[in-house]
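J.:
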Amino acid sequence: MPGTPPSTRPWAHSVPGRPWSTPGIPDAAALPVTVPVAWLGRTSTEDAQDPTLSLPRQLRNARAALPPGWVIVAHFYDVESGRKELRERGTSLAHQQFQIPIPRDGSVADLLDEAQRPDRRFAAVICESIERVARRTYFGTKIEYELEQAGVALCAADEPIVTGPRAKRATPTLTRRVKQAVSEWYVLQMLELSWDGFIEHVSQGWNVGKPPYGYLAEKVPHPVPARRAEGRTKHRLVPDASRAPAVTHIFQLRGLDKLGYDTIADRLNLDPVAYPPPEPTRADTALHRWSGSAVREILRNPKYTGCQVWNRRSTSKGGCYNDPKDWVWSPQPTHEPLVSKELFDVASTVARKRQGSRTTHGPNSHPATRRSYVLRSYVICEICDRRMFGKNRHKISYYACQVDPNEHRDRPWFRDHPKSLWVREEFLITPVSQFFATHVFGPDRRTHLKAALEAARVADGPGDRTAKERTALEQAIKAIGERQARLIRTLADGGPDPDQEKEFRDAIRQEHATLGTQRTELAEQLARLEAPKQAAHPADSAALLDALPHLDVDLARVPEEIQRRLYNAFGLEVRYSRPREEVTLRVTIPGHLLDGLVAVTRELDPWNKESGAHTEVLAPDHDTRDGQSRQNRRIYSHSLGAPGRIRTCAHGSGAQVRSERHRAADLRLRHR
Numbered sequence: 298m299p300g301t302p303p304s305t306r307p308w309a310h311s312v313p314g315r316p317w318s319t320p321g322i323p324d325a326a327a328l329p330v331t332v333p334v335a336w337l338g339r340t341s342t343e344d345a346q347d348p349t350l351s352l353p354r355q356l357r358n359a360r361a362a363l364p365p366g367w368v369i370v371a372h373f374y375d376v377e378s379g380r381k382e383l384r385e386r387g388t389s390l391a392h393q394q395f396q397i398p399i400p401r402d403g404s405v406a407d408l409l410d411e412a413q414r415p416d417r418r419f420a421a422v423i424c425e426s427i428e429r430v431a432r433r434t435y436f437g438t439k440i441e442y443e444l445e446q447a448g449v450a451l452c453a454a455d456e457p458i459v460t461g462p463r464a465k466r467a468t469p470t471l472t473r474r475v476k477q478a479v480s481e482w483y484v485l486q487m488l489e490l491s492w493d494g495f496i497e498h499v500s501q502g503w504n505v506g507k508p509p510y511g512y513l514a515e516k517v518p519h520p521v522p523a524r525r526a527e528g529r530t531k532h533r534l535v536p537d538a539s540r541a542p543a544v545t546h547i548f549q550l551r552g553l554d555k556l557g558y559d560t561i562a563d564r565l566n567l568d569p570v571a572y573p574p575p576e577p578t579r580a581d582t583a584l585h586r587w588s589g590s591a592v593r594e595i596l597r598n599p600k601y602t603g604c605q606v607w608n609r610r611s612t613s614k615g616g617c618y619n620d621p622k623d624w625v626w627s628p629q630p631t632h633e634p635l636v637s638k639e640l641f642d643v644a645s646t647v648a649r650k651r652q653g654s655r656t657t658h659g660p661n662s663h664p665a666t667r668r669s670y671v672l673r674s675y676v677i678c679e680i681c682d683r684r685m686f687g688k689n690r691h692k693i694s695y696y697a698c699q700v701d702p703n704e705h706r707d708r709p710w711f712r713d714h715p716k717s718l719w720v721r722e723e724f725l726i727t728p729v730s731q732f733f734a735t736h737v738f739g740p741d742r743r744t745h746l747k748a749a750l751e752a753a754r755v756a757d758g759p760g761d762r763t764a765k766e767r768t769a770l771e772q773a774i775k776a777i778g779e780r781q782a783r784l785i786r787t788l789a790d791g792g793p794d795p796d797q798e799k800e801f802r803d804a805i806r807q808e809h810a811t812l813g814t815q816r817t818e819l820a821e822q823l824a825r826l827e828a829p830k831q832a833a834h835p836a837d838s839a840a841l842l843d844a845l846p847h848l849d850v851d852l853a854r855v856p857e858e859i860q861r862r863l864y865n866a867f868g869l870e871v872r873y874s875r876p877r878e879e880v881t882l883r884v885t886i887p888g889h890l891l892d893g894l895v896a897v898t899r900e901l902d903p904w905n906k907e908s909g910a911h912t913e914v915l916a917p918d919h920d921t922r923d924g925q926s927r928q929n930r931r932i933y934s935h936s937l938g939a940p941g942r943i944r945t946c947a948h949g950s951g952a953q954v955r956s957e958r959h960r961a962a963d964l965r966l967r968h969r
């Protein structure tokens, strides 16, 4: 109705009940529909744009660009990033947080689904600009292609809308592809510039986010005058005098005593005045006590080493932790550290070494438990590098290692590993006690150290064993690569049953991902094997040994609680080799925990024969053979072997010692 005055046009005013109807723009409720159109809109994440302004603007511009007779009959829009994977598009519920004055028929995924149906409500789709469809060219063209295959045209308000079977599309298509490429380039450039800006921000020592527990924010006026006028500030970290000691104490408990998160939280809750519990961002979620998760967050935060660290968590993945290799560290310390870098590294490795093992002594809470294992979590199988577990047969304690063909078949050590491998506990406790008595607390420990350093110098050279391990790892990595290649070929060929195609492909993808994880683990083992070993420093190692007291103690007679505390502090590792019938003992004397280490050794004074204060207390044991507790009888050494005639009492011994960063002594003793 071109000649109709504006006042008499039915679409001159908003239609009651349809607030998205814009004055002067035709609406489906007011005109006969010649070409029904679906509108597709999108705004960025809710913290970047205002959807209540952006989406109505996009709808208004789209309506204004429609040819006569084209009317919008459906509205599809999302509040999400345009760089998301296509399979993840349309899953955001961010639009529910806003009062958007536009009815919503669904997301972009719903639009694509309806386009495939024969009863769809539209014959074309219009958006404000093509970059609103997706910020990645591949996903934008894929959506366009799927709509085109369904017979639905994708139009943009800032592009000419041409109709007719003979319409020329070459130039409009070129223009659209250029715009899509420019849009993707713009986003990538902004991300790169933003990344570089954050790196410089971190390098200068400015903190990002809430100060971690134990620190306060020292606010500084923003260097940009415009932001400074708005009251914006930047801040650095300064220690909180009331909470900083709690952080140091947590790392000491973790690094020295190897305690679990919940156990550390229980210790802190005993004195909430000295160790105030953390306060969450939301006051209504405060527990007013320590929890295992709060302790874990502190132990994971590298900012306590004095360096600024950014990009630890991914906002696009719901706050999940990024790989540590992707973290951005300041090149130099920028604030006062609460723990040393060495202590942080030690605490970071406890979880991996002690996973699935209790940190408390004594029997577990199971009602059928009758005894405990003093070397639980310290004994490692040399063949598979896994922790051995305690078993009791005929009232005799063993440590065992068993393999599962379904789980371990692809591991390089599977063929060389017996189905079941056992070693008696008493054959391990005796060399452990002798090792501490001679190499750690004995008067001749310097002599043992010198001999061990010489043995380490010889052992660190190239040998047949290292070459065999390297060959086995390389063969395993190659075999996994070949299996992955076969899976890819199978995936390309497709499944035999079209109805089970998706299940077939998902299963292959899952198996491919599992093999990829195994291949990464083997590659890391190979890298550690080929990494150059640091030379030992005899003077530093000897100085650490000299700081320890001289003791004449038989650890087999010391209560289990004190034994385990000592073993945790020294990082005891007992590696049992079935092929060589050999036990390798290893302890580490960390220089950054030397004071705590000395304090733990002082707990052995009641059993020190040299002090004259020796008390006859035997190692607790819950084995009640013949109704007599082993707390009341001595432990004798038997020459009997474990099941399968395993022998660990052969003669001969050797030793190996090395230093870590010249600040920790690492002692080894091989006992046959």
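Here the sequence shown is numbered in the numbering used here, starting from 298 and rising by one per residue. Each residue gets a CB set at the ideal place from its N, CA and C atoms; glycine is no exception.
1. What are the boundary residues of the alpha helix (DSSP H) that Y558 is part of?
2. Across the stretch 543 to 562 and the stretch 635 to 650, are there enough close Cβ pairs to call them in contact, namely three or more that are closer than 8 Å?
3. What are the partner residues of C452, as DSSP defines its beta bridges?
4. With respect to the beta strand (DSSP E) encompassing H847, which residues constitute its N-terminal and C-terminal limits?
5. In the DSSP assignment, find the unbroken beta strand (DSSP E) run with S694 in it and report its ends.
6. So is A824 buried or exposed if we call it buried at 16+ other beta carbons inside 10 Å?
7. Of the choices R854, T727, V499, whose alpha-carbon is the least far from that of P903?
8. At which residues does the beta strand (DSSP E) containing N619 begin and terminate?
9. Just the C-alpha distance for A748 and E870, rounded to the nearest angstrom, thanks.
10. Pick from H691, Y601, V376: whose alpha carbon is nearest that of P353?
11. Give me the residue from C452, L841, N619 with the minimum Cα distance to R360.
12. Would the beta-carbon of G387 fall within 9 Å of that of G403?
13. Can you confirm whether the stretch 393 to 400 touches the stretch 422 to 442 when touching is taken to mean that 3 or more C-beta pairs between the two stretches lie within less than 8 Å?
14. Strictly by DSSP, which residues pair up with A879?
15. With H632 as the anchor, note down where its alpha helix (DSSP H) starts and where it stops.
16. Given F733, which residues of its chain have a CB within under 7 Å of its CB, disregarding the five upstream and five downstream residues?
17. Return the CA-CA distance between S480 and P348, expressed in angstroms with no decimal places.
18. Counting pairs of Cβ atoms below 8 Å between the stretch 491 to 505 and the stretch 471 to 478, do you hit three or more?
19. Determine contact between the stretch 560 to 571 and the stretch 526 to 536, defined as no fewer than three beta-carbon pairs at a distance below 8 Å.
20. Give the range of the alpha helix (DSSP H) segment to which E382 is assigned.
21. Cutting at 7 Å between CB atoms, please list the residues of its own chain near N540, excluding the five before and the five after it.
22. What number of angstroms, rounded off, separates the C-alpha of G603 from the C-alpha of R609?
23. In the DSSP assignment, the beta strand (DSSP E) including F711 goes from what residue to what residue?
24. Tell me whether I322 sits in a helix, a strand or coil according to DSSP, three-state version.
25. With distances taken from CA atoms, which of S500, A697, A591 is nearest M685?
26. So A844 and L891 are in contact, right, with Cβ under 8 Å, and what is the actual spacing, rounded?
27. What are the residues that DSSP puts in a beta bridge with Y280?
28. State the CB to CB distance for the pair V671 and R861, rounded to an integer number of angstroms; the pair is presumed to be in contact (CB under 8 Å).
29. Which stretch, first to last residue, makes up the alpha helix (DSSP H) that contains E442?
30. Taking the beta strand (DSSP E) that S717 falls in, what are its first and last residues?
31. Looking at C-alpha atoms only, which residue of R432, S389, I440 is the closest neighbour of Q413?
32. Between T881 and E679, is the Cβ-Cβ spacing less than 9 Å?
33. Does DSSP classify T885 as helix, strand or coil?
34. Candidates N865, H736, E382: which alpha carbon is nearest L841's?
35. Please state the DSSP three-state secondary structure of V671.
36. Return helix, strand or coil for K476, following the three-state DSSP convention.
T.: Reading it off the structure:
1. One-based indexing of the sequence shown puts residue 558 at position 261. 558 to 566 is the extent of the alpha helix (DSSP H) around Y558.
2. yes
3. Numbered from its first residue, the sequence shown carries residue 452 at position 155. DSSP, once it has assigned bridges, lists I423 as partnering C452.
4. Translated into the one-based positions of the sequence shown, residue 847 becomes position 550. From DSSP, H847 is part of no beta strand (DSSP E); its letter is neither H nor E.
5. Locating residue 694 in the sequence shown gives position 397, where the first residue counts as 1. 693 to 699 is the extent of the beta strand (DSSP E) around S694.
6. The residue labelled residue 824 in the question sits at position 527 within the sequence shown. Its Cβ having fewer than 16 others within 10 Å, A824 is exposed.
7. Here residue 903 refers to the residue found at position 606 of the sequence shown. Closest option to P903, Cα to Cα, is R854.
8. Locating residue 619 in the sequence shown gives position 322, where the first residue counts as 1. From DSSP, N619 is part of no beta strand (DSSP E); its letter is neither H nor E.
9. On the sequence shown, residue 748 is found 451 positions in, with the first residue counted as 1. On the sequence shown, residue 870 is found 573 positions in, with the first residue counted as 1. A748 and E870: Cα-Cα distance of roughly 20 Å.
10. Taking the first residue of the sequence shown as position 1, residue 353 is located at position 56. The shortest C-alpha separation from P353 is found at V376.
11. As a position in the sequence shown, residue 360 is number 63, starting the count at 1. Cα-wise, what sits closest to R360 is C452.
12. Along the sequence shown, read from residue 1 onward, the residue named residue 387 stands at position 90. Along the sequence shown, read from residue 1 onward, the residue named residue 403 stands at position 106. Contact: yes.
13. Output reads no: the stretch 393 to 400 does not touch the stretch 422 to 442.
14. Locating residue 879 in the sequence shown gives position 582, counting from the first residue. The residue asked about is misnamed: residue 879 is Glu in this sequence, not Ala. DSSP, once it has assigned bridges, lists S874 as partnering E879.
15. Numbered from its first residue, the sequence shown carries residue 632 at position 335. Segment: none, H632 is in no alpha helix (DSSP H) and carries neither H nor E.
16. Reading the sequence shown from its first residue, position 436 is the one you call residue 733. The residues are L852.
17. Within the sequence shown, the letter at position 183 stands for residue 480. Within the sequence shown, the letter at position 51 stands for residue 348. Roughly 20 Å between the two C-alpha positions.
18. No, because fewer than three Cβ pairs between the stretch 491 to 505 and the stretch 471 to 478 fall closer than 8 Å, the two stretches do not touch.
19. no
20. Here residue 382 refers to the residue found at position 85 of the sequence shown. Element bounds for E382: n/a, residue is neither H nor E.
21. Taking the first residue of the sequence shown as position 1, residue 540 is located at position 243. One point to set straight first is that residue 540 is Arg, not Asn, in the sequence displayed. Taken in chain order, the residues that qualify are Y510, G511, P573.
22. Numbered from 1 along the sequence shown, position 306 holds the residue referred to as residue 603. Numbered from 1 along the sequence shown, position 312 holds the residue referred to as residue 609. Distance between the alpha carbons of G603 and R609: 16 Å.
23. The residue given as residue 711 occupies position 414 in the sequence shown. Under the DSSP assignment, F711 falls outside any beta strand (DSSP E); it carries neither an H nor an E label.
24. Translated into the one-based positions of the sequence shown, residue 322 becomes position 25. The predicted model places I322 with a pLDDT of 41, which falls under 50 and marks its position as unreliable; any figure quoted below should be read in that light. Coil, per DSSP.
25. Residue mapping note: residue 685 aligns to position 388 of the sequence shown, counting from 1. Cα-wise, what sits closest to M685 is A697.
26. As a first step, residue 844 is located in the sequence shown; it is residue number 547 there, counting from the start. As a first step, residue 891 is located in the sequence shown; it is residue number 594 there, counting from the start. Indeed they touch by this definition, with Cβ atoms about 6 Å apart.
27. The structure shown does not extend to residue 280, since the chain is modelled only from 298 to 969, so the question has no answer here.
28. Taking the sequence shown and counting its residues from 1, the one referred to as residue 671 is at position 374. Taking the sequence shown and counting its residues from 1, the one referred to as residue 861 is at position 564. About 7 Å; that satisfies the 8 Å criterion.
29. For the purposes of this step, residue 442 is identified with residue 145 of the sequence shown, where counting begins at 1. With the sequence shown as reference, residue 442 is identified as Tyr, and Glu is not the correct amino acid for it. Element bounds for Y442: 434 to 446.
30. To locate residue 717, count along the sequence shown from 1; it is residue 420. Taken as a continuous stretch (DSSP letters only), the beta strand (DSSP E) holding S717 covers 717 to 721.
31. Within the sequence shown, residue 413 is the residue found at index 116, counting from 1. When each option's Cα is compared against that of Q413, the closest is I440.
32. Within the sequence shown, the letter at position 584 stands for residue 881. Within the sequence shown, the letter at position 382 stands for residue 679. In contact: T881 and E679 (Cβ atoms closer than 9 Å).
33. If you number the sequence shown from 1, residue 885 lands on position 588. Strand at T885.
34. The sequence position of residue 841 within the sequence shown is 544, counting from 1. Ranking the options by Cα distance to L841, first place goes to H736.
35. Taking the first residue of the sequence shown as position 1, residue 671 is located at position 374. In the structure shown, V671 sits in coil (DSSP, three-state: anything other than H, G, I, E or B).
36. As a working mapping, residue 476 is identified with position 179 in the sequence shown. In this structure, K476 counts as helix in the three-state DSSP scheme.
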